[in-house]
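Novice:
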Amino acid sequence: MTRLNIVPNMSKILIYSRAILAAKERAMKVGIIGPSQIVAKTARIINKEFPQIESVDYVYSIYTETPTILKFHQLDVDALLFTGKTPYTLAGKFIKPTVPWEFVPRSGSSLMRILLYAKLWTDYDICNISFDTYNQDLLHEAYQEIGIPMDQLRIFIAEEQKPSADYQTHICDFHKKNYFENHVSCCITALQGVYDELRACAVPALLLEPTANIIRETLYKLQLKHLVKVSQQSQLVAICIQIDAPSELSLLADDEYQTALNRTKVSEQIYLFAQRIQAAVIETGDKNYLLFTTTQLLEQETNNLKSIELLHAVQANTASTVSVGIGYGQTANEAKSGATRGMLHAGKKGGNLAFIVYEGKKIIGHLASIVPDTEKPDPLIDERFYRISEKVGVSINTVFKLSCIAEQYGKSDFTIKELAPLFGVTTRTMNRVIEKFELKGFCKIIGKRIIGKSGRPSRIIHLNLG
Numbered sequence: 000m001t002r003l004n005i006v007p008n009m010s011k012i013l014i015y016s017r018a019i020l021a022a023k024e025r026a027m028k029v030g031i032i033g034p035s036q037i038v039a040k041t042a043r044i045i046n047k048e049f050p051q052i053e054s055v056d057y058v059y060s061i062y063t064e065t066p067t068i069l070k071f072h073q074l075d076v077d078a079l080l081f082t083g084k085t086p087y088t089l090a091g092k093f094i095k096p097t098v099p100w101e102f103v104p105r106s107g108s109s110l111m112r113i114l115l116y117a118k119l120w121t122d123y124d125i126c127n128i129s130f131d132t133y134n135q136d137l138l139h140e141a142y143q144e145i146g147i148p149m150d151q152l153r154i155f156i157a158e159e160q161k162p163s164a165d166y167q168t169h170i171c172d173f174h175k176k177n178y179f180e181n182h183v184s185c186c187i188t189a190l191q192g193v194y195d196e197l198r199a200c201a202v203p204a205l206l207l208e209p210t211a212n213i214i215r216e217t218l219y220k221l222q223l224k225h226l227v228k229v230s231q232q233s234q235l236v237a238i239c240i241q242i243d244a245p246s247e248l249s250l251l252a253d254d255e256y257q258t259a260l261n262r263t264k265v266s267e268q269i270y271l272f273a274q275r276i277q278a279a280v281i282e283t284g285d286k287n288y289l290l291f292t293t294t295q296l297l298e299q300e301t302n303n304l305k306s307i308e309l310l311h312a313v314q315a316n317t318a319s320t321v322s323v324g325i326g327y328g329q330t331a332n333e334a335k336s337g338a339t340r341g342m343l344h345a346g347k348k349g350g351n352l353a354f355i356v357y358e359g360k361k362i363i364g365h366l367a368s369i370v371p372d373t374e375k376p377d378p379l380i381d382e383r384f385y386r387i388s389e390k391v392g393v394s395i396n397t398v399f400k401l402s403c404i405a406e407q408y409g410k411s412d413f414t415i416k417e418l419a420p421l422f423g424v425t426t427r428t429m430n431r432v433i434e435k436f437e438l439k440g441f442c443k444i445i446g447k448r449i450i451g452k453s454g455r456p457s458r459i460i461h462l463n464l465g
């Protein structure tokens, strides 16, 4: 039997390890989403203090453009940084995150910075102001920090709402009313569009921007999220596969040739699966295989570990099934141990199953066996022989033996005298068996041949077991 020659396995595992390290060392590409002024400030901080981050600017004129930006650009970056909660919340309503997301939070330090600026550099009364995006508790806390008692405050706070198409208009109207009717000294907003419109209407306004320190903290947090994701996706996963033992009624039980031929077919399906997940393959005995790949590649092939096509592929294209264990762990050895446990668990459950084991302990599954959309299930060899045996009225092993003889000798035409010793019975018994097949159309007499120098001619039969 020809052995499949695969790339040296241990060296391939080393390549995986180096690829993991390279992924972690590669510059992290961060998309910055927000108005031009804050995006530029964030980019300056990244360029100056974060050499391991490459910034990509996504500037909007109004926050409602955020979902459209993400629709076309999310996959271009490793992570996304929103300059405020409003675009972040709106994006979450329409777009599913495929990379880590983070937003620069509203903080007391940003609020105190703008109040201090108003006090030192303007004539605005900081106790008589209209606010948006900040809640009452945070505002009161900020005023207390700078020593202004609550009874001196005359502040108006916009009710927090979920971002919508008319949210900016609503906030603008809120501030205009407070200035023209309630006579506040100025309006403080965290929305660039609101700030621009208020200034255009000659309404005194200040734009709340996150402090450099808050931006740094958020970038560190986003970096950590990205590194965790890279680590998880690059984590080595072990997959143990075992060809299930044939049942007592299996056609492979007593035929070494068919067993070897079938094993080659199973190996072919396993190596095709390994090719799709770019796995290193180690054959550990006649019936066992050990694969190593990464979490990301495996999850792409298995629809995030919901189903595994390998189970169906082996069952549909061979006379066997397989038990599969998928192991995760902190080390390759722990992953292998978990995969072995999952495989044994699948075997105990009857085989043709796949189970996942995390950190050598928690067993999850089983995974569904799926049929590819482009593939129609072919009947198993056992099913075909079972159908013939039912019609002819003989055992399934009788059908299997005849099929094996035809395949081993590469022909379908035999005399009864040739067939009887190959089948292991007398000529008389072989005649009775063949008559049953002939009656149901699974063989026919096509001639006679004299065996030896003398004797009665033996019938030549043509087997039709396809």
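Its first residue numbered 0, the sequence shown is counted upward by one per residue in numbering that gives the first Met the number 0.
We treat Cβ as the ideally placed atom computed from N, Cα and C, and that holds for glycine.
Just how far apart, CA to CA, sit Ile-32 and Leu-114?
Specialist: As a first step, residue 32 must be located in the sequence shown, where it is residue number 33. As a first step, residue 114 must be located in the sequence shown, where it is residue number 115. If you take the alpha carbons of Ile-32 and Leu-114, they lie about 26 Å apart.
Novice: Does the beta-carbon of Gly-337 have 16 or more other beta-carbons within 10 angstroms, so that it is buried, or is it exposed?
Specialist: In the sequence shown, counting from the first residue as 1, residue 337 sits at position 338. Answer is buried; the Cβ neighbour count reaches 16.
Novice: Is it true that the CB of Val-236 sits closer than 9 Å to the CB of Ile-325?
Specialist: As a first step, residue 325 must be located in the sequence shown, where it is residue number 326. As a first step, residue 236 must be located in the sequence shown, where it is residue number 237. Their beta carbons are under 9 Å apart, which means Ile-325 touches Val-236 by this criterion.
Novice: Output the distance between the C-alpha atoms of Thr-132 and Thr-188, rounded to the nearest integer angstrom.
Specialist: As a position in the sequence shown, residue 132 is number 133, starting the count at 1. As a position in the sequence shown, residue 188 is number 189, starting the count at 1. Taking the straight line from one Cα to the other gives about 7 Å.
Novice: Are the Cβ atoms of Val-467 and Gln-241 separated by less than 9 Å?
Specialist: Since the displayed the chain opens at 0 and closes at 465, residue 467 lies outside it and no answer follows.
Novice: Threshold first: 4 residues or longer. Then list the alpha helix (DSSP H) segments lying entirely within the segment 401 to 441, N to C.
Specialist: The segment 401 to 441 contains these whole alpha helix (DSSP H) runs: 415 to 422, 426 to 438.
Novice: Out of Ile-355, Glu-333, Asn-332, which has the shortest C-alpha to C-alpha gap to Leu-343?
Specialist: Translated into positions along the sequence shown, residue 343 becomes position 344. Answer by Cα proximity: Ile-355.
Novice: Let's test the definition: count the other Cβ atoms within 10 Å of the Cβ of Gly-192 and tell me whether it reaches 16, buried, or not, exposed.
Specialist: Working through the sequence shown from its first residue, we reach residue 192 at position 193. Its Cβ being crowded by 16 or more others within 10 Å, Gly-192 is buried.
Novice: Beta-carbon within less than 6 Å of Leu-290's beta-carbon, same chain only, minus the 5 sequence neighbours each way: which residues are those?
Specialist: Sequence index remark: in the sequence shown, residue 290 carries index 291 (1-based). Only Ile-238, Ala-273, Ala-278, Val-280 meet the Cβ criterion.
Novice: From the DSSP output, which residues share a beta bridge with Ser-54?
Specialist: Translated into the one-based positions of the sequence shown, residue 54 becomes position 55. Its beta-bridge partners are Val-29.
Novice: Based on Cα-Cα distance, which residue from Thr-263, Tyr-288, Leu-207, Lys-220 lies nearest to Tyr-116?
Specialist: What you label residue 116 is simply residue 117 of the sequence shown in a count that begins at 1. Nearest C-alpha to Tyr-116: Leu-207.
Novice: Do you know how far the Cα of Thr-339 is from the Cα of Arg-471?
Specialist: Outside the displayed range of the chain (0 to 465) lies residue 471, so it cannot be described from this structure.
Novice: Just grab the DSSP bridge partners of Phe-354 for me.
Specialist: Within the sequence shown, residue 354 is the residue found at index 355, counting from 1. Answer is Gly-324, Gly-364, bridged to Phe-354.
Novice: Taking only three categories from DSSP, how would you classify Arg-153?
Specialist: Translated into positions along the sequence shown, residue 153 becomes position 154. If DSSP states are grouped into helix, strand and coil, Arg-153 belongs with coil.
Novice: What whole-angstrom Cβ distance do Ser-388 and Ile-395 have, given they're in contact under 8 Å?
Specialist: Residue 388 sits at position 389 when you count from the first residue of the sequence shown. Residue 395 sits at position 396 when you count from the first residue of the sequence shown. About 4 Å separates the two Cβ atoms, so the contact holds.
Novice: Starting from Leu-79 and walking both ways along the beta strand (DSSP E), at which residues does that stretch end?
Specialist: Here residue 79 refers to the residue found at position 80 of the sequence shown. Counting along the chain, the beta strand (DSSP E) containing Leu-79 begins and ends at 78 to 81.
Novice: Give me, in chain order, the residues of the same chain whose beta-carbon lies closer than 7 Å to that of Asp-243; leave out the 5 immediate sequence neighbours on both sides.
Specialist: Reading the sequence shown from its first residue, position 244 is the one you call residue 243. Hits under 7 Å: Ser-319, Thr-320, Val-321, Ser-322, Gly-346, Gly-350, Asn-351.
Novice: Answer with buried or exposed for Ser-60, where buried requires no fewer than 16 other C-beta atoms within 10 angstroms of its C-beta.
Specialist: As a working mapping, residue 60 is identified with position 61 in the sequence shown. Exposed, since its Cβ has fewer than 16 Cβ neighbours within 10 Å.
Novice: Would you mind stating whether Ala-367 and Ile-307 have Cβ atoms separated by less than 9 Å?
Specialist: Taking the first residue of the sequence shown as position 1, residue 367 is located at position 368. Taking the first residue of the sequence shown as position 1, residue 307 is located at position 308. Their beta carbons are under 9 Å apart, which means Ala-367 touches Ile-307 by this criterion.
Novice: Kindly indicate which three-state DSSP category Ser-306 falls into: helix, strand or coil?
Specialist: For the purposes of this step, residue 306 is taken as the residue at position 307 of the sequence shown. Note: Ser-306 maps to strand in three-state DSSP.
Novice: Which residue's Cα is closest to the Cα of Ile-147: Cys-126, Leu-137, Ala-164, Phe-130?
Specialist: Position 148 of the sequence shown, counted from the start, is the residue given in the question as residue 147. For the residues Cys-126, Leu-137, Ala-164, Phe-130, the minimum Cα distance to Ile-147 belongs to Cys-126.
Novice: Does the segment 174 to 188 come close enough to the segment 71 to 82 that 3 or more CB-CB pairs lie under 8 Å?
Specialist: No, the segment 71 to 82 is not in contact with the segment 174 to 188.
Novice: Could you tell me whether the Cβ atoms of Tyr-256 and Gln-407 are closer together than 9 Å?
Specialist: On the sequence shown, residue 256 is found 257 positions in, with the first residue counted as 1. On the sequence shown, residue 407 is found 408 positions in, with the first residue counted as 1. Their beta carbons are under 9 Å apart, which means Tyr-256 touches Gln-407 by this criterion.
Novice: List the endpoints of the continuous beta strand (DSSP E) containing Phe-291.
Specialist: Position 292 of the sequence shown, counting from 1, holds the residue named residue 291. Its beta strand (DSSP E) spans residues 287 to 293.
Novice: If we ignore side chains and look at the alpha-carbon of each, how far apart do Ile-128 and Ser-184 end up?
Specialist: As a first step, residue 128 must be located in the sequence shown, where it is residue number 129. As a first step, residue 184 must be located in the sequence shown, where it is residue number 185. Between Ile-128 and Ser-184, the C-alpha separation is close to 6 Å.
Novice: Beta strand (DSSP E) containing Leu-534: first to last residue?
Specialist: No answer is possible for residue 534: it lies beyond the span of the chain, which begins at 0 and ends at 465.
Novice: Buried or exposed: which applies to Leu-297, given that a residue is buried once 16 or more other Cβ atoms fall within 10 Å of its Cβ?
Specialist: On the sequence shown, residue 297 is found 298 positions in, with the first residue counted as 1. With 16 or more other Cβ atoms within 10 Å, it is buried.
Novice: For Thr-217, count neighbouring C-beta atoms within 10 Å of its own C-beta (all shown protein chains included) and say buried if the count is 16 or more, exposed if not.
Specialist: Position 218 of the sequence shown, counted from the first residue, corresponds to residue 217. When all chains shown are included, Thr-217 counts as buried.
Novice: Regarding Leu-206 and the ligand PLP, is the C-beta to nearest heavy atom distance less than 8 Å?
Specialist: Absent from the structure shown: the ligand PLP. Ligands present: none.
Novice: Closer than 8 Å is the cut-off here; do at least three beta carbon pairs connect the segment 197 to 211 with the segment 25 to 44?
Specialist: With the cut-off at 8 Å, the segment 197 to 211 and the segment 25 to 44 touch.
Novice: Quick check: Ala-331 and Gly-341, are their CB atoms within less than 9 Å of each other?
Specialist: By one-based count along the sequence shown, residue 331 stands at place 332. By one-based count along the sequence shown, residue 341 stands at place 342. Not a contact, by the Cβ cut-off of 9 Å.
Novice: Cα separation between Cys-200 and Tyr-142?
Specialist: Taking the first residue of the sequence shown as position 1, residue 200 is located at position 201. Taking the first residue of the sequence shown as position 1, residue 142 is located at position 143. Cα to Cα, Cys-200 sits roughly 28 Å from Tyr-142.
Novice: Report back the beta-carbon spacing between His-464 and Val-398 to the nearest angstrom; my notes put them in contact at under 8 Å.
Specialist: Reading the sequence shown from its first residue, position 465 is the one you call residue 464. Reading the sequence shown from its first residue, position 399 is the one you call residue 398. First, the residue type needs correcting, since residue 464 is Leu and not His in the sequence shown. Rounded, the Cβ-Cβ distance is 7 Å, consistent with contact.
Novice: Going by alpha carbons, who is nearest to Glu-196 out of Tyr-357, Thr-168, Glu-180?
Specialist: Counted from its first residue, the sequence shown places residue 196 at position 197. The option with the nearest alpha carbon to Glu-196 is Thr-168.
Novice: Below 8 Å CB to CB, which residues in the same chain sit around Lys-224 once its five sequence neighbours on both sides are set aside?
Specialist: The sequence position of residue 224 within the sequence shown is 225, counting from 1. Contacts found: Ala-78, Pro-99, Glu-101.
Novice: Roughly how many angstroms lie between the CA atoms of Lys-28 and Pro-66, to the nearest whole one?
Specialist: Here residue 28 refers to the residue found at position 29 when the sequence shown is read from its first residue. Here residue 66 refers to the residue found at position 67 when the sequence shown is read from its first residue. About 19 Å.
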